[in-house]
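See structure below.
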Amino acid sequence: MAELNQAAENKKKLSLIAVPFGLGAGRPGTEEGPETMMQVGLLRQLRKTAYEIVGEHKVKCPQKPTAASAKDSSLKHLPEVKEMSRQVADLVAQEVSKGSMPLVLGGDHSVTIGALAGLAKEIASIGVIYFDAHAGLNTEENTPTGKMGGMSLAVALGKAKLALTDITNGVSATAIKKENVVLIGVRDVEPEERALILSEGITVFTMHEIDRMGIEKVIAKAVEIAGQGTDGIHVSFSADCLDPMEAPGVGMQVPGGLTYREAHFACELLAETNRIISIDVVEVNGMMDESRRTARLAIGLIASLLGKRIL
């Protein structure tokens, strides 16, 4: 009995934050992501890790555009993204202050804005490893669609008019530096994003680098960069970084992504570092999925990120 009690005391703390928001995406369906992941057995997977769930939250996300949003000519659903992000940021900051790791379940990739804003409230310096087929570096001036799911990193790095300080009421704007941001799995980049990446020296491992170097070396280098001088690493994992043959249930499929084993190995390697302080998983689109394959893969990858091993 004493050993069981000791094991319970040694459990790490984890808080679930469900964010059923899809107004930053190109098509409907990502707002169902959190519920879909729960339905296919997320809690069961989490019980196989060294984490104890100490909090469960569901953000009351705007589901329809407001009148103010309809008047905005450059960005789609900016007021709704701000409202969602403020709620996410408050919950993330609250759980971090309690010593619990936030696991944010999106939703489209605009959810990451709130997650990073919340971390910036509590943590002085944050590294970011950003798995995505896309760069997330569109701005108000160059976005081809006006969708805010493509702007998460631009906001975090202060390259957009919208800033993390707009979400946190002025709290730290320097928690995330370009020197500590790494993109992995990128293969669909707008010309303006490419120019920004090259001019700012942002580290990107495209699928070309992954093919050439292997995922093990890519992750080792990513951790080195994101962890250099930071207080921990946030992992943002978009399901569209995966190959559509593995994960068809995403809003914007791009051929040639990470395989099942590459993705799991990457997550396992990240877990071994003990540097991960928060996670968001986004862009699981149930309307585009086949027999919930993408949702099942996503929860398996979450478990791997949290240290689940075969033996």
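Under our numbering, the first residue of the sequence shown is numbered 1389, with each subsequent residue one higher. Just so it is clear, CB atoms sit at the ideal spot from N, CA and C, and this is done for glycine as well. The model shown is predicted, which means the values in this text are computed figures rather than measured ones.
Residue i: first and last residue of the uninterrupted beta strand (DSSP E) it sits in
| i | result |
| --- | --- |
| Val1543 | Val1543 -> not in any beta strand (DSSP E); alpha helix (DSSP H) instead, spanning Ser1540 to Ala1544. |
For residue i, three-class secondary structure by DSSP
| i | result |
| --- | --- |
| Pro1490 | strand |
| Lys1401 | strand |
| Gly1421 | helix |
| Thr1618 | coil |
| Val1428 | coil |
| Ala1406 | strand |
| Lys1696 | coil |
| Ala1608 | helix |
| Gln1394 | The predicted position of Gln1394 is uncertain, since its pLDDT is 43 and thus under 50; no value can be drawn from it. |
CB-CB length for residue i against residue j, believed under 8 angstroms
| i | j | result |
| --- | --- | --- |
| Ile1665 | Val1492 | About 12 angstroms; that fails the 8 angstroms criterion. |
| Ile1514 | Ala1563 | 5 angstroms |
| Asp1628 | Gly1644 | Asp1628 to Gly1644, Cβ: 12 angstroms. No contact. |
| Val1516 | Ala1614 | 6 angstroms |
| Ile1511 | Asp1619 | 5 angstroms |
| Gly1637 | Gly1674 | 6 angstroms |
| Ile1690 | Gln1427 | Their Cβ separation, rounded to whole angstroms, is 14 angstroms, which puts Ile1690 and Gln1427 out of contact at 8 angstroms. |
| Ala1659 | Met1425 | Not confirmed; about 18 angstroms, so no contact. |
| Thr1500 | Ser1540 | 4 angstroms |
| Gly1502 | Ser1473 | 4 angstroms |
| Lys1436 | Lys1696 | 5 angstroms |
| Ala1413 | Lys1535 | 7 angstroms |
| Ala1477 | Ala1505 | 4 angstroms |
| Glu1468 | Pro1450 | 4 angstroms |
| Ala1610 | Val1570 | 4 angstroms |
| Met1676 | Gly1429 | The pair is not a contact, with the Cβ atoms about 20 angstroms apart (cut-off 8 angstroms). |
| Asn1568 | Gln1616 | 6 angstroms |
| Val1447 | Gln1475 | 5 angstroms |
| Leu1507 | Val1484 | 7 angstroms |
Extent of the continuous alpha helix (DSSP H) run through residue i
| i | result |
| --- | --- |
| Ser1473 | Leu1466 to Ser1485 |
| Gly1443 | Per DSSP, Gly1443 belongs to no alpha helix (DSSP H); it is in the beta strand (DSSP E), Tyr1439 to Lys1446. |
| Asp1628 | Neither: Asp1628 is in no alpha helix (DSSP H) and is coded neither H nor E. |
| Ile1598 | Met1595 to Met1601 |
7 angstroms Cβ cutoff, residue i in contact with chain D
| i | result |
| --- | --- |
| Tyr1439 | The chain labelled as chain D is not found in the depicted structure, where only one protein chain is given. |
Whole beta strand (DSSP E) elements within the segment 1495 to 1552, 3-residue minimum: Taking only runs of at least 3 residues, the beta strand (DSSP E) segments lying wholly in the segment 1495 to 1552 are 1514 to 1519.
Minimum length 3: unbroken beta strand (DSSP E) runs contained in the segment 1561 to 1586: The qualifying runs are 1564 to 1574.
Between the segment 1543 to 1554 and the segment 1651 to 1670, do three or more beta carbon pairs fall short of 8 angstroms? no
Between the segment 1670 to 1678 and the segment 1485 to 1501, can you find at least three pairs of beta-carbon atoms closer than 8 angstroms? yes
Identify every run of the alpha helix (DSSP H) within the segment 1631 to 1694, keeping only runs that are complete inside it and at least 4 residues long; order them along the chain. 1648 to 1661 and 1681 to 1693
Could you check whether the segment 1397 to 1414 touches the segment 1482 to 1492, counting it as contact only if at least three pairs of C-beta atoms, one from each stretch, sit closer than 8 angstroms? yes
Taking contact to mean at least 3 C-beta pairs separated by less than 8 angstroms, is the segment 1521 to 1539 in contact with the segment 1572 to 1579? Yes: the two stretches touch, three or more of their Cβ pairs being nearer than 8 angstroms.
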